[in-house]
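**Q** Here the sequence shown stands for residues 8 to 238, where the numbers follow my numbering.
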Amino acid sequence: MYVRFGDRIRRQIQGTPMGTNRASHLANYYLTMYELNFIMRLAALYVGAAFAFLRTVLYQIACAFLLTARYIDDLASISNPYLHHLLYVDQHFQHATGIYPRTLLVTSVDSGSSINYMDVSIQREAGSVSRLTTVLYDKREHLPLSRLFIIKYPHASSNISSAAKYGIITSQYHSMRRIIMDRNDFSFRMAGIISYMRTKGHNVTHMMSRLQKLCRRFTELYGTNPHDIYQ
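1. Quick check: does the Cβ of M215 come within less than 8 Å of any heavy atom belonging to the ligand FMN?
2. So L221 is in the alpha helix (DSSP H); what residue range does that whole segment cover?
3. According to the neighbour-count rule (16 or more other Cβ atoms, all chains shown, within 10 Å of its Cβ), is G105 buried or exposed?
4. Determine the direct distance from the alpha carbon of Q21 to that of D14, and round the result to whole angstroms.
5. Exposed or buried, what is S182 when buried is set at 16 or more other beta-carbons lying within 10 Å of its beta-carbon?
6. Give the single residue among L111, Y173, A198, K220 whose Cα lies nearest to the Cα of P161.
7. Note down, one range per segment and in chain order, each beta strand (DSSP E) of at least 3 residues found wholly within the segment 106-184.
8. Which residues does DSSP list as the beta-bridge partners of I16?
9. Based on the DSSP output, what are the partners of D81 in its beta bridges?
10. Rounded to whole angstroms, what's the CA-CA distance from Y66 to L43? Just pull it up for me.
11. Since A103 sits in a beta bridge, which residues does DSSP pair it with?
12. Could you tell me the distance, in whole angstroms, from the CA atom of C70 to the CA atom of P108?
13. If you drop the 5 nearest sequence neighbours on each side, which residues of the same chain put their C-beta closer than 8 Å to that of D145?
14. To which residues does DSSP link Y95 through a beta bridge?
15. With contact counted as at least three CB pairs below 8 Å, one residue from each stretch, are the segment 187-194 and the segment 125-141 in contact?
16. Can the beta-carbon of I176 be found less than 9 Å from the beta-carbon of L112?
17. What span of residues does the alpha helix (DSSP H) with D192 cover, start to end?
18. Just confirm the distance between the C-beta atoms of I158 and R147, as a whole number of angstroms; I'd bet it's less than 8 Å.
19. Please classify D193: is it buried, with 16 or more other beta-carbons within 10 angstroms of its beta-carbon, or exposed?
20. Kindly indicate which residue of Q179, I68, A57, G208 has the alpha-carbon position closest to the one of L221.
21. Cβ atoms of Y89 and I122: under 9 Å apart, would you say?
22. Of the choices L152, S153, G119, R154, whose alpha-carbon is the least far from that of L139?
23. Would the segment 72-89 and the segment 29-49 be scored as touching if the rule is three or more Cβ pairs under 8 Å?
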């Protein structure tokens, strides 16, 4: 990246200014290049006659990366035993070469039967070794942010339109249903939103009416009765 200061132009050789519009795009372009090259090298090995004896292993490696995903600079990997063997380009496993350069330090934040990734916590379902479920992960509920007093939603007496205020129920319902697979956690989160808005002076009957319409529309998710959620 080149930055101009007065009559001088300087090239940034490490990192990208956070918060700029281009930062996330540059990170995606940069990392995608290495990831695409990794997949292309893996595919070339698979079709190469000289490595025909490795095709079963190479296929297993490719399948293992189906549950490895990245969002900008956050990487999540589920049941991929090959990732730590192929994380960097100077690593080799079964003639395959790794992904990222050593200048890109990858650190492990969460590991085990439950990991926090973006806005969700990915967990194994109780009593299952293969089925996964998701619950909401909110950094504001954990230290150090839990020490802060945070106003989430406006008071009923604010100058915001009534449609916008009660639209919070609709928007949060859709936001939650897209990322939460666990019904109990979904019910807990929606009940928490309604309880919080009730303390802000909002009409519970109006909120429950809106929630009921949503429940009837998406019956396959959490049932048609909003009182099953808010009780």
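Here a beta-carbon is modelled for each residue, glycine too, at the ideal position from N, C-alpha and C. As the structure is a prediction and not an experimental result, all values here were calculated from the model.
**A** In brief:
1. The ligand FMN is absent from the structure shown, which contains no ligand whatsoever.
2. In the DSSP annotation of this structure, the continuous segment of the alpha helix (DSSP H) that includes L221 starts and ends at 211-224.
3. Result: buried.
4. Cα to Cα, D14 sits roughly 22 Å from Q21.
5. Result: exposed.
6. Nearest of L111, Y173, A198, K220 to P161, Cα basis: Y173.
7. For the segment 106-184, whole beta strand (DSSP E) runs of length 3 or above, ordered along the chain, are 121-124, 127-131, 139-143.
8. R11, per the DSSP bridge assignment.
9. Residue pairing from DSSP places D81 in a beta bridge opposite Y78.
10. Between the alpha carbons of Y66 and L43 lies a gap of roughly 16 Å.
11. DSSP, once it has assigned bridges, lists F100 as partnering A103.
12. Rounded to the nearest whole angstrom, the CA to CA distance from C70 to P108 is 23 Å.
13. So the list reads D126, once near-sequence residues are dropped.
14. According to DSSP, which records beta bridges pairwise, Y95 is partnered with Y107.
15. Because the criterion of three Cβ pairs below 8 Å is met, the segment 187-194 and the segment 125-141 touch.
16. Going by C-beta atoms, I176 is not nearer than 9 Å to L112.
17. Where D192 is concerned, the enclosing alpha helix (DSSP H) stretches over 190-206.
18. Contact doesn't hold; Cβ gap of about 11 Å is too wide.
19. For the record, residue 193 in the displayed sequence is Phe; it is not Asp. Buried, since its Cβ has 16 or more Cβ neighbours within 10 Å.
20. For L221, the closest of Q179, I68, A57, G208 by C-alpha to C-alpha distance is Q179.
21. No Cβ-Cβ contact shorter than 9 Å links I122 with Y89.
22. Looking at the Cα atoms, G119 is the closest of the given residues.
23. Segments in contact, yes.
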